[in-house]
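Down below is the structure, laid out as structure tokens.
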Amino acid sequence: WGISRMDSVLAHETGHLFGAGDEYCQPGYACCSCGGSYGYLGVPNSNCEAGCDHNGNGICDGNDSGSTTCSGCSTCVSVNCIMRNNAAVIDTPSRHQVGGRDLDSDMIPDPADTTPTVSILTRPAEAIVFNSARYTGSSQDVAYDSPTRSDVTINFISAVQYRIDAGSWVPALPADGTWDETAEDYLFATAPLALGPHTVDIRSVNRAGNSSALQTDTFVVIPAGFLPLVIR
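Numbering (the numbering used here), first residue to last: 18 to 249.
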């Protein structure tokens, strides 16, 4: 290929690094295969050149160049791509293979479209005389499930938040001082609360802006002297 086309070679081989398959078929050298499961998302190789009608007779048969493999493809799809003919474009199958798929159209590629979880480790008793409640817990980002590779996430927990009685969200504190890891512990103490029942909702948020399901807890603030011995 020569140094003059090093940009194409580099782009093509980078596609392989992220799981994209070859889409060209050169008998005697190398030939792609249709279908399969490529990249982190396990995307089929639907733009494989092996399925093409090379001699123009309307079917992919034994008279076509690369006939030993072309019968494995049901249709001929012929889209220019860096993985097919080193064109300076990327087709949909290759883009999806390297992780650029977005099934829910939220502008976040699927491998980065992860959802965190949050849990409560310590909480107040069901009835407390103190008008402030203290909580500790943990949060973790859950990797997008891969059918072909070990699950991995590049997101980290960016916040844990709580609210009292469906009010405004208030930030909790990271136990280690910084939100910068895929798993984080948190802690917080509520502002002074009035006597009576209260509901606390807790959620975590990751770098992609996705929030966890809510963890909800309830307790009652009672006057001093009426504390039942209830520990959760």
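Note that the Cβ used here is the ideal one computed from N, Cα and C, for glycine as well.
On a predicted model such as this, the values are computed, not experimentally measured, just so you know.
**Report entry** C-alpha gap between A183 and V217, whole angstroms
**Finding:** Here the question's residue 183 lines up with position 166 in the sequence shown. Here the question's residue 217 lines up with position 200 in the sequence shown. Approximately 8 Å between the Cα atoms of the pair.
Query raised in the report: Rounded to whole angstroms, how far is the Cβ of C51 from the Cβ of G38, which I believe are closer than 8 Å?
Result: Counting from one through the sequence shown, the residue named residue 51 turns up at place 34. Counting from one through the sequence shown, the residue named residue 38 turns up at place 21. Incorrect: roughly 10 Å between the Cβ atoms, too far for contact.
Query raised in the report: So which of G226, S54, N227, A230 has the shortest CA-CA distance to S111?
Result: Mapped onto the sequence shown, residue 111 falls at position 94. When only C-alpha atoms are compared, the closest one is S54.
Query raised in the report: Does the beta-carbon of Q43 have 16 or more other beta-carbons within 10 angstroms, so that it is buried, or is it exposed?
Result: To locate residue 43, count along the sequence shown from 1; it is residue 26. Exposed, because fewer than 16 other Cβ atoms sit within 10 Å of the Cβ of Q43.
**Report entry** C-alpha gap between D127 and I239, whole angstroms
**Finding:** Within the sequence shown, numbered from 1, the residue matching residue 127 stands at position 110. Within the sequence shown, numbered from 1, the residue matching residue 239 stands at position 222. Taking the straight line from one Cα to the other gives about 48 Å.
Report task. Please work out which residues of its chain come closer than 6 Å, Cβ to Cβ, to L210, disregarding the five sequence neighbours upstream and downstream, and give them in chain order. Result -> Counting from 1 along the sequence shown, the entry for residue 210 is found at position 193. N148, V238.
Query raised in the report: What span of residues does the alpha helix (DSSP H) with T31 cover, start to end?
Result: Translated into positions along the sequence shown, residue 31 becomes position 14. Taken as a continuous stretch (DSSP letters only), the alpha helix (DSSP H) holding T31 covers 23-34.
Query raised in the report: Do you know how far the Cα of H113 is from the Cα of N102?
Result: Taking the sequence shown and counting its residues from 1, the one referred to as residue 102 is at position 85. Taking the sequence shown and counting its residues from 1, the one referred to as residue 113 is at position 96. If I take the Cα positions, the gap works out to 18 Å.
Query - T132 (DSSP reduced to helix, strand or coil) - result: Taking the sequence shown and counting its residues from 1, one reaches residue 132 at position 115. Looking at T132 - three-state DSSP - the assignment turns out to be strand.
Requested in this report: Return helix, strand or coil for D168, following the three-state DSSP convention.
Outcome: On the sequence shown, position 151 is the one that residue 168 refers to. Coil, per DSSP.
Requested in this report: Compare the beta carbon distance of I99 and H33 with 7 Å and say whether it is the shorter of the two.
Outcome: Against the sequence shown, residue 99 aligns to sequence position 82. Against the sequence shown, residue 33 aligns to sequence position 16. Contact: no.
Query raised in the report: How far does the alpha helix (DSSP H) with P110 in it reach, from first residue to last?
Result: Locating residue 110 in the sequence shown gives position 93, counting from the first residue. From DSSP, the alpha helix (DSSP H) with P110 extends over 109-114.
Report task. Assign E201 to one of three DSSP states: helix, strand, or coil. Result -> In the sequence shown, residue 201 corresponds to position 184, counting from 1. When secondary structure is reduced to three states using DSSP, E201 falls in the strand class.
Query raised in the report: Thinking just about the alpha-carbon of each residue, which of L204, V177, H215, E143 is nearest to the one in L231?
Result: Translated into positions along the sequence shown, residue 231 becomes position 214. For L231, the nearest C-alpha among the options comes from V177.
Report task. Can you say whether D130 is buried or exposed, counting buried as having 16 or more other CB atoms within 10 angstroms of its CB? Result -> The count along the sequence shown starts at 1 and reaches residue 130 at position 113. The residue in question, D130, is buried, as its Cβ has 16 or more Cβ neighbours within 10 Å.
**Report entry** V187 classed as buried or exposed, judged by whether at least 16 other C-beta atoms fall within 10 angstroms
**Finding:** Along the sequence shown, one-based indexing puts residue 187 at 170. Classification for V187: exposed.
Query raised in the report: Between which two residues does the beta strand (DSSP E) harbouring Y179 extend?
Result: Reading the sequence shown from its first residue, position 162 is the one you call residue 179. Here the beta strand (DSSP E) through Y179 covers 174-181.
Query raised in the report: Using the beta-carbon count (16 or more within 10 Å), is E66 buried or exposed?
Result: As a working mapping, residue 66 is identified with position 49 in the sequence shown. Burial call: buried.
Requested in this report: Compare the Cα-Cα distances from I145 to each of A241, L27, R166, T31 and report the closest residue.
Outcome: Within the sequence shown, residue 145 is the residue found at index 128, counting from 1. Measuring from the Cα of I145, the nearest candidate turns out to be A241.
Query raised in the report: Taking just the CA atoms, how far does S155 sit from V135?
Result: For the purposes of this step, residue 135 is identified with residue 118 of the sequence shown, where counting begins at 1. For the purposes of this step, residue 155 is identified with residue 138 of the sequence shown, where counting begins at 1. Rounded to whole angstroms, V135 to S155 spans 6 Å at the Cα level.
Query raised in the report: So what does P213 bridge to, in DSSP terms?
Result: As a position in the sequence shown, residue 213 is number 196, starting the count at 1. In the sequence as presented, Pro is not what sits at residue 213; that position holds Gly. Answer by DSSP bridge pairing, in chain order: V238.
Report task. Note the first and the last residue of the continuous beta strand (DSSP E) segment covering V96. Result -> As a working mapping, residue 96 is identified with position 79 in the sequence shown. Unbroken run through V96: none, as it is neither H nor E.
Report task. Using the DSSP secondary-structure output, state which residues sit across from C42 in a beta bridge. Result -> Working through the sequence shown from its first residue, we reach residue 42 at position 25. Answer is C48.
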